[in-house]
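Trainee: Our numbering numbers the first residue of the sequence shown as 3 and each following residue consecutively.
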Amino acid sequence: MKALVLAAGYATRLRPLTDETAKPLLPLAGRPMLDYVCDRIDEVEEVGELHVVSNARFAAAFERWAETRRGRLRPLVHDDGTRSNEERLGAIGDIRFVVERADLEGEDLLVVAGDNLFDFSLREQVEFWRSHSASADGAAASCVAVHHCASELLSLYGVVVLGGDGRILDFVEKPQRPPSDLIATAAYVFAGAHVALIDRYLAEGNSPDQPGNFLVWLHSREPVYGFVFEELWLDIGDHEQLRAADELMRGRLGL
């Protein structure tokens, strides 16, 4: 299994902080938020390579970060060649870009956004995925980490409905009438056979942005499961959320 961290966005809601610094490299309690994500990936023993996709504006900064990071896996940085929000490939486009560039065809992928802060175990998510792949009647399976969400925020996220076995029965992006209180977070395990379907998904004219859009398409064709976790998860999208995350981490460290 290989891991891929999505870090090529332009985080326009966090300007001017992100004019000079990539969002995943912004500090939380003195460390780049990306460090916390990669610490979780390091715990997954099955992962043999760690890939990080950036854009051309910040690729050099990610390279410097990769050279100094201390962890089990040394990050391999990929520059997707874009220089503005208008040029961005989108999350699905970036996954395809790295799969092609790093020759990851056929590999199972653990894909995580580089701008989320969470306490749940990616190792447990991979174990959950393994157990459900074994019971999927021989079919390839993928999974996404899902979390209960306050009702007033549900329309901001992708909302999932799970069957009794944890399989996704419905997935709606930013619904006006949410069918459940479970939202998809940005941590995915994609079977290699499902990664190979990205070309077909894009060829059909579907959006290259937001992995949730791919899951909306995928779950109606292939088994996709929801790994439900109760631990902390923070979506760091604006200045207020960034400040709250920084204060949380500082409190934990006694700073």
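Just so you know, even glycine gets a beta-carbon here, dropped at the ideal spot from N, CA and C.
1) Spell out a yes or no on whether the segment 194-208 and the segment 105-121 are touching, meaning 3 or more CB-CB pairs, one atom from each, closer than 8 Å.
2) For Pro29 and Leu112, what's the separation of their Cα atoms in angstroms?
3) Considering only residues of the same chain and omitting the five flanking positions on each side of Glu233, which have a CB-CB separation below 6 Å?
4) Here's the rule I'm using: 16 or more other beta-carbon atoms within 10 Å means buried, otherwise exposed. How should Arg42 be labelled?
5) Assuming Leu119 contacts Val148 under a Cβ cut-off of 8 Å, what Cβ separation, rounded to an integer in Å, is found between them?
6) Quick check: what's the CA-CA separation for His76 versus Val54?
7) Taking only three categories from DSSP, how would you classify His149?
8) To the nearest angstrom, how far is the alpha carbon of His241 from that of Ala61?
9) Who are the Cβ neighbours of Met251 in its own chain at under 6 Å, not counting the five residues just before and after it?
10) Please report the distance separating the alpha-carbon of Glu206 from that of Gly83.
11) Let me check understanding here. Comparing Cα to Cα, which of Leu156, Gly160, Arg72 lies closest to Val146?
12) Using a 10 Å radius around the Cβ and a threshold of 16 neighbouring Cβ atoms, would you call Asn87 buried or exposed?
13) State the DSSP-derived secondary structure class of Ser56, mapped to helix, strand or coil.
14) So what's Glu51 in DSSP terms, helix, strand or just coil?
15) With distances taken between CB atoms, is the gap from Leu278 to Tyr203 smaller than 9 Å?
16) When you measure from the CB of Asp167 to every non-hydrogen atom of the ligand NAP, does any distance come out below 8 Å?
17) Assign Ala189 to buried or exposed, taking buried as 16 or more other Cβ atoms, counted over all protein chains shown, within 10 Å of its Cβ.
18) Taking only three categories from DSSP, how would you classify Ile200?
Mentor: So, from the data block:
1) yes
2) As a first step, residue 29 is located in the sequence shown; it is residue number 27 there, counting from the start. As a first step, residue 112 is located in the sequence shown; it is residue number 110 there, counting from the start. Approximately 24 Å between the Cα atoms of the pair.
3) On the sequence shown, residue 233 is found 231 positions in, with the first residue counted as 1. Excluding residues within five positions, the ones whose Cβ falls inside 6 Å are Asp121, Phe122.
4) Here the question's residue 42 lines up with position 40 in the sequence shown. Classification for Arg42: buried.
5) In the sequence shown, residue 119 corresponds to position 117, counting from 1. In the sequence shown, residue 148 corresponds to position 146, counting from 1. Between Val148 and Leu119 the Cβ distance is about 17 Å, and since that is not below 8 Å, they are no contact.
6) As a working note, residue 76 is residue 74 in the sequence shown. As a working note, residue 54 is residue 52 in the sequence shown. Reading off the sequence shown, one finds Arg at residue 76, where the question assumed His. About 10 Å.
7) Translated into positions along the sequence shown, residue 149 becomes position 147. Looking at His149 - three-state DSSP - the assignment turns out to be strand.
8) Here the question's residue 241 lines up with position 239 in the sequence shown. Here the question's residue 61 lines up with position 59 in the sequence shown. The alpha-carbon atoms of His241 and Ala61 are separated by roughly 23 Å.
9) The residue you call residue 251 lines up with position 249 of the sequence shown. Excluding sequence neighbours, Met251 sits near Leu30, Ala31.
10) Working through the sequence shown from its first residue, we reach residue 206 at position 204. Working through the sequence shown from its first residue, we reach residue 83 at position 81. Rounded to whole angstroms, Glu206 to Gly83 spans 24 Å at the Cα level.
11) For the purposes of this step, residue 146 is taken as residue 144 along the sequence shown, with counting starting at 1. Checking every option, the nearest Cα to that of Val146 belongs to Gly160.
12) In the sequence shown, the residue the question calls residue 87 occupies position 85. That one is exposed.
13) Translated into the one-based positions of the sequence shown, residue 56 becomes position 54. Looking at Ser56 - three-state DSSP - the assignment turns out to be strand.
14) Walking along the sequence shown from the start, residue 51 turns up at place 49. Strand, per DSSP.
15) Nothing in the structure corresponds to residue 278, since the chain is present only between 3 and 257.
16) This structure does not include the ligand NAP; it has no bound ligands of any sort.
17) For this step, residue 189 is matched to residue 187 along the sequence shown. Label assigned to Ala189: buried.
18) By 1-based counting over the sequence shown, the position of residue 200 is 198. In this structure, Ile200 counts as helix in the three-state DSSP scheme.
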